[in-house]
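One structure is given here, and the rest of the page talks about it.
There are 2 protein chains.
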Amino acid sequence: MPMDKLVAEVLAGNRRALARLLTQVENERPEVLPRLTALFPHTGRAHIIGITGAPGTGKSSLVNALAKRLRAQQQTVAIIAVDPTSPFSGGAILGDRIRMVELAGDAGVFIRSMATRGSLGGLARATRDMVRVLDAAGFDVVLVETVGAGQNEVDIARTAQTTLVVEAPGLGDEVQAIKAGILEIADILVVNKADRPGALQTVRSLKMMVETGHPAARERFAAHHGRLLPVPALPAGDEVSLWQPPVLQTVATENTGLDDLLAAIAQHRQFWHSGSRVTQLQERYIEIELYERLQQALMQRFVQALPPELVSATLQQIRARRLDPQSAIEQLLNQVETHGYPSSR
Amino acid sequence: MPMDKLVAEVLAGNRRALARLLTQVENERPEVLPRLTALFPHTGRAHIIGITGAPGTGKSSLVNALAKRLRAQQQTVAIIAVDPTSPFSGGAILGDRIRMVELAGDAGVFIRSMATRGSLGGLARATRDMVRVLDAAGFDVVLVETVGAGQNEVDIARTAQTTLVVEAPGLGDEVQAIKAGILEIADILVVNKADRPGALQTVRSLKMMVETGHPAARERFAAHHGRLLPVPALPAGDEVSLWQPPVLQTVATENTGLDDLLAAIAQHRQFWHSGSRVTQLQERYIEIELYERLQQALMQRFVQALPPELVSATLQQIRARRLDPQSAIEQLLNQVETHGYPSSR
Chain Y
0 MPMDKLVAEV
10 LAGNRRALAR
20 LLTQVENERP
30 EVLPRLTALF
40 PHTGRAHIIG
50 ITGAPGTGKS
60 SLVNALAKRL
70 RAQQQTVAII
80 AVDPTSPFSG
90 GAILGDRIRM
100 VELAGDAGVF
110 IRSMATRGSL
120 GGLARATRDM
130 VRVLDAAGFD
140 VVLVETVGAG
150 QNEVDIARTA
160 QTTLVVEAPG
170 LGDEVQAIKA
180 GILEIADILV
190 VNKADRPGAL
200 QTVRSLKMMV
210 ETGHPAARER
220 FAAHHGRLLP
230 VPALPAGDEV
240 SLWQPPVLQT
250 VATENTGLDD
260 LLAAIAQHRQ
270 FWHSGSRVTQ
280 LQERYIEIEL
290 YERLQQALMQ
300 RFVQALPPEL
310 VSATLQQIRA
320 RRLDPQSAIE
330 QLLNQVETHG
340 YPSSR
Chain S
0 MPMDKLVAEV
10 LAGNRRALAR
20 LLTQVENERP
30 EVLPRLTALF
40 PHTGRAHIIG
50 ITGAPGTGKS
60 SLVNALAKRL
70 RAQQQTVAII
80 AVDPTSPFSG
90 GAILGDRIRM
100 VELAGDAGVF
110 IRSMATRGSL
120 GGLARATRDM
130 VRVLDAAGFD
140 VVLVETVGAG
150 QNEVDIARTA
160 QTTLVVEAPG
170 LGDEVQAIKA
180 GILEIADILV
190 VNKADRPGAL
200 QTVRSLKMMV
210 ETGHPAARER
220 FAAHHGRLLP
230 VPALPAGDEV
240 SLWQPPVLQT
250 VATENTGLDD
260 LLAAIAQHRQ
270 FWHSGSRVTQ
280 LQERYIEIEL
290 YERLQQALMQ
300 RFVQALPPEL
310 VSATLQQIRA
320 RRLDPQSAIE
330 QLLNQVETHG
340 YPSSR
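Those protein sequence lines, which keep their order, are chains Y and S.
Residues 0 to 344, numbered by numbering that gives the first Met the number 0, are exactly what the first sequence covers, in order.
Residues 0 to 344, numbered by numbering that gives the first Met the number 0, are exactly what the second sequence covers, in order.
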């Protein structure tokens with residue numbers, strides 16, 4: 000089969016083609032699927048770094064500062080800013096403009112903002128696919144910036160190899176990440192705006208938490224969720240040392256602390272590429288992705304097979320409390336099974 | 000069929016039985032399903048109020064103050080505090096203790112905290128079922144408190160008839176809800192800690208947003224997500240006026256502003272029970288619930304039919320980039336379809 004023109008252009012480094020393909024991914028266009036398949040063998044080379052934190056921690060400035068440093072090291076950088084803000088704010092577009100000015104004209108940087116439209120599950124899926132496209136397009140580093148706000152960030156963090164959780168002192172609450180439940184996903188903890196009062200206290204709190212509760216955070220995260228698919232148990236294997244997330248201080252707007260941060264990122268990258276635990280973790284991420292995609296595919300087929308009149312009669316019965324939701328789905332499953340799925344997929 | 004003893008006890012107002020059933024719901028025990036079915040016809044009487052907001056807005060104090068006021072009006076109150084904080088914090092247990100002291104000894108109040116364990120999707124489902132149990136148990140009002148942090152709150156808000164989004168001045172960011180993307184779910188906006196500097200500015204920002212962008216927020220939310228199941232289009236019907244979320248100020252710790260808040264809640268409740276749009280919205284919520292439950296049931300059956308060796312071979316092929324995830328699920332679907340599902344459900 001001859002290679003798709005758009006795919007060939009993306010692989011050749013054509014930026015206009017890249018932007019077009021990313022838009023197709025974001026819009027979940029069906030023609031994107033064979034293109035992602037064609038690009039997949041070219042992925043796996045980029046270092047994917049997630050940056051997440053509460054609003055006000057200065058994570059966009061940190062992303063900018065990191066991008067500039069990486070460029071100074073001759074690395075090409077792609078930035079995906081995922082901003083699940085309300086449709087009122089238009090935050091994504093504004094963020095884009097500010098960044099554009101700062102990093103403008105550098106052909107080694109590619110910036111893309113995504114606003115949420117539709118489901119957040121769709122957003123995580125689209126982000127994962129966009130990261131793959133940018134990886135295949137040959138960027139050395141892909142920075143994925145998200146607002147730290149729970150499940151969505153956990154989902155997006157799964158696409159990253161190294162996840163930075165950004166805090167800042169004096170946000171009214173001692174440590175934002177604990178409240179948001181995103182501390183578990185941190186490979187590196189960054190206290191940004193470290194020239195502000197209270198910085199040392201924030202550092203101390205984070206260090207204490209890392210020391211007391213964190214050592215096997217990522218594994219705990221995995222155990223927490225249980226296996227999703229029937230995977231045979233892996234051999235116990237050789238024990239490797241676990242990653243202990245360092246707590247670093249930065250002032251992104253003044254480029255302070257960035258050398259240490261880059262060093263920690265490099266160390267974590269090395270950790271990621273060594274040891275059997277990490278292999279297990281990678282496999283686990285793939286398992287989660289397969290699970291999510293299967294769920295979507297199964298639902299699509301089932302919904303196509305449902306007669307609309309049956310659905311609307313069921314909804315009415317539930318509203319009238321003559322039927323409860325659990326019994327309702329048993330009826331719907333029986334119905335579709337008796338009459339069969341539509342033959343084609 | 001004779002009525003299940005636990006169900007009969009819950010309906011008779013036995014608190015110990017209620018607590019036991021709620022624990023079964025939280026742990027997703029299979030014996031809970033017939034019990035929920037038996038309780039379902041007894042639901043639909045309670046007024047369900049969701050309270051959500053960023054950490055630091057004082058929403059727990061607001062919940063307490065509201066509960067006390069409602070008790071003074073002779074209404075029985077159940078509180079579910081959903082606290083998706085990190086396993087490090089133990090926030091749920093602590094919150095429980097503080098509340099217990101304040102509302103202790105009042106038989107007209109029932110308090111239950113849930114910490115996240117496992118999937119957040121599971122949490123939303125468990126919350127929905129717990130609200131139903133409390134509704135069937137005869138509470139006049141069920142207060143559901145969540146930390147405002149994205150998709151999870153949107154999911155939980157779907158169980159509420161009236162959703163309060165709580166803001167506070169001086170949290171470092173002008174309006175927290177915009178960042179978290181939860182403004183759309185607000186029926187009533189509350190600026191708590193309104194005695195702090197900056198309160199009027201927060202009120203002004205929220206009012207402006209409500210006036211410029213919000214009027215049909217809930218409908219926009221619905222349209223946004225599209226239909227999930229094949230439901231025949233409803234007749235255009237008579238137009239009813241839409242709900243415009245009011246912006247109120249409170250100081251919960253001093254019981255200031257609570258009369259206005261209770262009045263707004265009562266107004267919204269009246270709105271909820273009138274007009275065809277609201278009926279459509281209720282139907283929409285049921286549709287979402289059915290969709291989620293179907294998804295879960297379909298996945299369960301499919302996963303049971305997957306041979307473990309096939310899954311592990313597939314994971315390895317993807318890791319080696321010899322197979323992409325999308326093609327992988329097509330293979331898995333084909334495989335299960337050819338060999339069939341296990342016969343029993």
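Built from N, CA and C at the ideal position, the CB exists for glycine as well.
These figures come from a predicted structure and were not determined experimentally.
| query | result |
| --- | --- |
| Output needed for Asp-105/S: all residues of its chain with C-beta closer than 8 Å, excluding positions within five of it in sequence on either side, in chain order. | Arg-70 |
| Around the C-beta of Glu-30/Y, are 16 or more other C-beta atoms found within 10 angstroms, so that it is buried, or is it exposed? | exposed |
| Please state whether the Cβ-Cβ distance between Ala-77/S and Leu-5/S is less than 8 Å. | no |
| How do the stretch 161 to 169 of chain Y and the stretch 183 to 190 of chain Y stand: do at least 3 beta-carbon pairs fall below 8 Å, yes or no? | yes |
| Check whether the stretch 283 to 299 of chain S touches the stretch 190 to 206 of chain Y, taking contact to mean three or more Cβ pairs, one atom from each stretch, closer than 8 Å. | no |
| Can you give me the C-alpha to C-alpha distance between Pro-54/Y and Glu-144/Y, rounded to a whole angstrom? | 12 Å |
| Nearest-angstrom Cα distance between Arg-124/Y and Leu-322/S? | 18 Å |
| Is the CB-CB distance between Leu-65/S and Leu-257/S below 8 Å? | yes |
| Using the rule of at least 16 other Cβ atoms within 10 Å of the residue's Cβ for burial, across every protein chain shown, is Asp-128/S buried or exposed? | buried |
| Are any of the Cβ atoms in chain Y nearer than 8 Å to that of Phe-39/S? | yes |
| Does the CB of Gly-52/Y have a neighbour CB from chain S at under 8 Å? | no |
| What residues of chain S sit near Pro-245/Y, judged by a beta carbon separation below 8 Å? | Near Pro-245/Y there are no residues of chain S at all, since even the closest Cβ is about 17 Å away, more than 8 Å. |
| Do Phe-109/Y and Arg-14/Y have their CB atoms nearer than 8 Å? | yes |
| Answer yes or no: does any C-beta atom of chain Y fall closer than 8 Å to that of Asp-3/S? | no |
| Helix or strand or just coil, what does DSSP make of His-338/Y? | helix |
| Taking Cβ-Cβ distances shorter than 7 Å, what residues in chain S pair up with Arg-320/Y? | Phe-39, Pro-40, Thr-42, Gly-43 |
| Look at the Cβ atom of Val-250/S, then the Cβ atom of Asp-194/S, and state whether they are nearer than 8 Å. | yes |
| Using a Cβ-Cβ cutoff of less than 6 Å, which residues in the same chain neighbour Val-141/S once the five nearest sequence positions on both sides are dropped? | Ala-45, Ile-47, Ala-77, Val-130, Leu-133 |
| Return helix, strand or coil for Gln-248/S, following the three-state DSSP convention. | strand |
| According to the neighbour-count rule (16 or more other Cβ atoms, all chains shown, within 10 Å of its Cβ), is Ala-319/S buried or exposed? | exposed |
| Helix, strand or coil: which one does DSSP assign to Ala-296/S? | helix |
| Can you grab the Cα-Cα spacing for the pair Leu-280/Y / Ser-273/Y, in whole Å? | 12 Å |
| So, with DSSP's three-state summary, where would you put Leu-10/S? | helix |
| Between which residues of its own chain and Gly-169/S is the CB-CB distance below 7 Å, once the five residues before and five after are set aside? | Arg-195, Pro-196, Gly-197 |
| In whole angstroms, what is the alpha-carbon distance linking Leu-20/Y and Asp-3/Y? | 12 Å |
| Report yes or no: is there a C-beta of chain Y within less than 8 Å of the C-beta of Leu-69/S? | no |
| To the nearest angstrom, how far is the alpha carbon of Arg-34/S from that of Met-208/S? | 44 Å |
| Kindly say whether Gly-330/Y, judged by its beta-carbon, lies nearer than 8 Å to any beta-carbon of chain S. | Going by the sequence as given, residue 330/Y is Gln instead of Gly. Chain S, which has no Cβ nearer than 8 Å to the Cβ of Gln-330/Y, makes this no. |
| Does chain Y have any CB closer than 8 Å to the CB of Val-302/S? | yes |
| Which whole-angstrom value describes the C-beta separation of Thr-56/Y and Asn-191/Y, a residue pair presumed to lie in contact below a C-beta threshold of 8 Å? | 6 Å |
| With a threshold of 8 Å between beta carbons, is Glu-210/Y in contact with chain S? | no |
| Short check: CB of Leu-332/S to CB of Ala-296/Y, under 8 Å? | yes |
| Is Gly-256/Y a contact residue of the ligand ADP, with contact defined as CB to any heavy atom under 7 Å? | Judged by which ligands are present, the structure shown has none, so any question about the ligand ADP falls away. |
| Quick one: using the 10 Å Cβ neighbour count with 16 as the cut-off for buried, is His-267/S buried or exposed? | buried |
| Taking Thr-36/S as the query, report the chain Y residues whose CB atoms sit under 8 Å from its CB, ordered along the chain. | Asp-323, Gln-325, Ser-326 |
| Quick one: is Arg-72/Y buried, meaning 16 or more other Cβ sit within 10 Å of its Cβ, or exposed? | The displayed chain sequence assigns Gln, not Arg, to residue 72/Y. So Gln-72/Y counts as exposed. |
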